[in-house]
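Listed in order, the protein sequences are those of chains A and B. Under full-length UniProt numbering, residues 1 to 205 are what the first sequence spells out, in order. Under full-length UniProt numbering, residues 1 to 378 are what the second sequence spells out, in order. Every residue, glycine too, gets a C-beta built ideally from N, C-alpha and C. Here the structure is a predicted model, which means the values were calculated and not measured.
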Amino acid sequence: MLENKTYIETFCTIQNNEITLNGETIFKSDSDLFADFSKKAYQNFDINYPKFFKMDNLSKLAFLAAELLLKNEIDESKENDIALVFANKSSSLDTDVKYQNSISDKENYFPSPAVFVYTLPNICIGEISIKHQLKSENSFFIFDAFNSEFMTNYAEVLLHTKKAEKVLCGWVEYYNEEYKAFLYLVANEGKTEHNKQIIENLYNK
Amino acid sequence: MVKEVFITETNCITPIGFDVATNIQNIESGISGIQLHQNAMLNKPFYASTINNEELNLAFAKISPSENFTRLEKMMILALQPIVENSKLDLNNKVGFLLSTTKGNITALANPSEESFQSAHLHQLAKNIANFFEFKTEPIVVSNACVSGILAVSVAKRLIQSEMFDSIFVVAGDEVSEFVLSGFNSFQAMSDLPCKPYSKNRTGVSLGEATAAVLVSSSKENAKIKIIGDGAINDANHISGPSRTGEGLFRSIESALAEAKINANQIDYISAHGTATPFNDEMEAIAFNRLELENVPVNSLKGYYGHTLGASGLLETVIGIQSVLESKLFVSLGFDEIGVSQPINIIKENQDKNSNYFLKTASGFGGCNTAVLFEKVK
Chain A
1 MLENKTYIET
11 FCTIQNNEIT
21 LNGETIFKSD
31 SDLFADFSKK
41 AYQNFDINYP
51 KFFKMDNLSK
61 LAFLAAELLL
71 KNEIDESKEN
81 DIALVFANKS
91 SSLDTDVKYQ
101 NSISDKENYF
111 PSPAVFVYTL
121 PNICIGEISI
131 KHQLKSENSF
141 FIFDAFNSEF
151 MTNYAEVLLH
161 TKKAEKVLCG
171 WVEYYNEEYK
181 AFLYLVANEG
191 KTEHNKQIIE
201 NLYNK
Chain B
1 MVKEVFITET
11 NCITPIGFDV
21 ATNIQNIESG
31 ISGIQLHQNA
41 MLNKPFYAST
51 INNEELNLAF
61 AKISPSENFT
71 RLEKMMILAL
81 QPIVENSKLD
91 LNNKVGFLLS
101 TTKGNITALA
111 NPSEESFQSA
121 HLHQLAKNIA
131 NFFEFKTEPI
141 VVSNACVSGI
151 LAVSVAKRLI
161 QSEMFDSIFV
171 VAGDEVSEFV
181 LSGFNSFQAM
191 SDLPCKPYSK
201 NRTGVSLGEA
211 TAAVLVSSSK
221 ENAKIKIIGD
231 GAINDANHIS
241 GPSRTGEGLF
251 RSIESALAEA
261 KINANQIDYI
271 SAHGTATPFN
281 DEMEAIAFNR
291 LELENVPVNS
301 LKGYYGHTLG
311 ASGLLETVIG
321 IQSVLESKLF
331 VSLGFDEIGV
341 SQPINIIKEN
351 QDKNSNYFLK
361 TASGFGGCNT
371 AVLFEKVK
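Printed below as a string of structure tokens:
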């Protein structure tokens, strides 16, 4: 069934205070902390979406990368059938640890629903779905390291079985200031072939 | 030609039984695992469905002398062990391993050591289980809030269709923990009585813990049921509440129906999510009505097990498959008077009924939904 080729339309990487789009640097900052870097990036790209500041770091990271790939892709006048398939290593542990700290000390016990909701890795998918009104296939996976074989197979089967017209997929990892986002848009047409080796190369760039 | 995909083995470890037959016996007798607890996990008494530690350790000691596994790992290994054994599969590179959980070993975070922190990683949990069974392929973890367990069935089917694997062992599990109890309590989402899905006086969830396991295979031999369609579509509406119109669930079921090439009116039985929160149950009733499914017999199994998070979708699939195999429908425990604005056909007494098409659904935080359609094997 997998005879039809698929293609990578665009890709975006965010790491070390730098954002690259299709291999070219589009934003850099000398910020010390992700909170500061992500705010500067938000301002630089004129993203007008105040909910951004309520998100946890994993959601901010995924949201920024998705924003840069989808802002010219989404046609607001119609339904956009773009699946979201993300993976990482640390799940939502960055927020899990913060939430755990709010319940560990019984003298200082203040569990908050606004923090608890982000103790699920797929919340970042929800945030992107809401922003771009993507009523589409979505799922979040956890691996020890970026698994190009799985990602390629899963994106392809979604396209081949017509569960989605395009798939936005990739890696969104955040734990305690260590982060990396590598997202790419897979479609039935394009120039760059979508396969395991090319994905691997782009991830490692 | 897209491959046909089947479920050939099932098992579950729950507070009301350590195998499928015992679970079914207890469900038929109306026995629930939900009890009142008062302990250090929450600053007030709470209802939850939990597994007895002594029984768990006793059962685990029969299959392994190792002391190196957490509670959740023991529950997962116990769920998988008879399936792996019965399958007699050569565990080669065409045999996948998929683990579904929302919080895994989250209790490890209460211990500040670095070693304990590492064990809170979900891929570490999956690796510990994979090593026990000596699976050869890289474990895949699906962690997509409360749809994880049923989404795992959908993912397994798709990976077999992609020809990455011929068969996949799927295990799903979550524990009742201080972390999750305090979080649901902070949302004021906990019921002050054992949960009452779809009832007028429902006030929220009772949490539960369990593991379930299945073998998903392209081979029809020993097939218990066929997976004929699926969908997992986001509401794109709110991160901590369902869409008022049930949009994502509606579309997930539509997607599953389209793939299966059957009509909604052919569905014989729905095992729904039914967490007993006011918003969830109402949303499901609306989505089912939009698809004209209001007369199809429906139950929520949360009255027996509580909400077992990442385990629930797979556990409820395992019980649903048994309903189809035994031509029975089980009471939606905890239901009294209809408490949703649209009519739905809640199962009020155990009954004999032949079902050809069975639908399993779930919805969760992040706006996620999943629907999987199954067909009785002839």
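In the assembly as shown, residue 143(A) is a buried residue. Its beta-carbon has 16 or more other beta-carbons within 10 Å.
Using a C-beta cut-off of 8 Å, the segment 3-11 of chain B makes no contact with the segment 186-194 of chain A, since fewer than three inter-stretch Cβ pairs fall below that distance. In chain order, 153, 154, 157, 158, 161 and 163 make up the part of chain A whose C-beta sits under 9 Å from the C-beta of residue 158(B).
With a contact defined as Cβ atoms closer than 8 Å, residue 84(B) and residue 179(B) miss out at about 30 Å. Looking from the CA of residue 157(B), the closest CA among 201(B), 228(B), 125(B) and 191(B) belongs to 228(B).
Just measuring C-alpha positions, the residue of 321(B), 96(B), 203(B) and 51(B) sitting nearest residue 177(B) is 51(B).
By the neighbour-count criterion, in which 16 or more other beta carbons inside 10 Å mark a residue as buried, residue 341(B) falls on the exposed side.
Residue 227(B) carries a strand assignment under DSSP once its states are collapsed to helix, strand and coil. The residue from 205(A), 202(A), 46(A) and 196(A) with its alpha-carbon nearest to that of residue 5(A) is 196(A). For residue 94(B), the CB contacts under 6 Å within the same chain, skipping 5 residues up- and downstream, are 165 and 166 in chain order. Residue pairing by DSSP leaves residue 378(B) without any beta bridge partner. DSSP, read as helix, strand or coil, puts residue 75(B) in helix.
A Cβ of chain A is located within less than 7 Å of the beta carbon of residue 142(B). Counting along the chain, the unbroken beta strand (DSSP E) around residue 299(B) starts and ends at 297-299. Annotation for residue 140(A): the continuous beta strand (DSSP E) segment containing it runs 138-142. In this structure, residue 129(A) and residue 84(A) form a Cβ contact; the two beta carbons are roughly 7 Å apart against a cut-off of 8 Å. Its Cα nearest to that of residue 313(B), the residue 99(B) stands out among 99(B), 236(B), 328(B) and 27(B). Near chain B, meaning a CB-to-CB distance below 8 Å, the residues of the segment 135-147 of chain A are 135, 136, 137, 138, 139, 140, 141, 142, 143, 144 and 147.
In the structure shown, residue 10(B) falls within a strand segment according to DSSP collapsed to helix, strand and coil. Residue 216(B) has 7(B) and 168(B) as its beta-bridge partners, per DSSP.
Under a 10 Å Cβ-count criterion, residue 170(A) is classified as buried, with 16 or more other Cβ atoms of the shown protein chains found around its own Cβ. The DSSP assignment places 82-88 as complete runs of the beta strand (DSSP E) inside the segment 55-130 of chain A, in order along the chain (cut-off: 3 residues). For the segment 220-244 of chain B, the residues whose beta carbon sits under 8 Å from a beta carbon of chain A are, in order, 231, 232, 233, 234, 235, 236, 237, 238, 239 and 240. Under a 10 Å Cβ-count criterion, residue 48(A) is classified as exposed, with fewer than 16 other Cβ atoms of the shown protein chains found around its own Cβ. Chain A places no beta carbon closer than 7 Å to that of residue 202(B), leaving this residue out of the contacts. Rounded to the nearest whole angstrom, the C-alpha separation of residue 53(A) and residue 182(A) is 22 Å. With its beta carbon at least 7 Å from every one in chain A, residue 288(B) lies outside the interface. By the neighbour-count criterion, in which a residue is buried when 16 or more other Cβ atoms sit within 10 angstroms of its Cβ, residue 36(B) is exposed. From the beta-carbon of residue 182(B), the residues of chain A found nearer than 7 Å are 103 and 111. For residue 121(A), the chain B residues whose C-beta falls within less than 7 Å of its own C-beta are 143, listed in chain order. In the three-state reduction of the DSSP assignment, residue 49(A) falls in the coil class, being assigned neither a helical nor a strand state. In its chain, beyond the 5 residues on either side, 21, 65, 68, 69 and 183 have a beta carbon closer than 6 Å to the beta carbon of residue 12(A). For residue 251(B), the neighbours in chain A by C-beta distance under 7 Å run, in chain order, 135.
Annotated as distal: residue 121(A) and residue 148(A), with beta-carbon spacing of 7 Å or more.
At least one C-beta of chain A is nearer than 7 Å to the C-beta of residue 122(B). Cα atoms of residue 233(B) and residue 125(A): separation of roughly 11 Å, rounded to the nearest angstrom.
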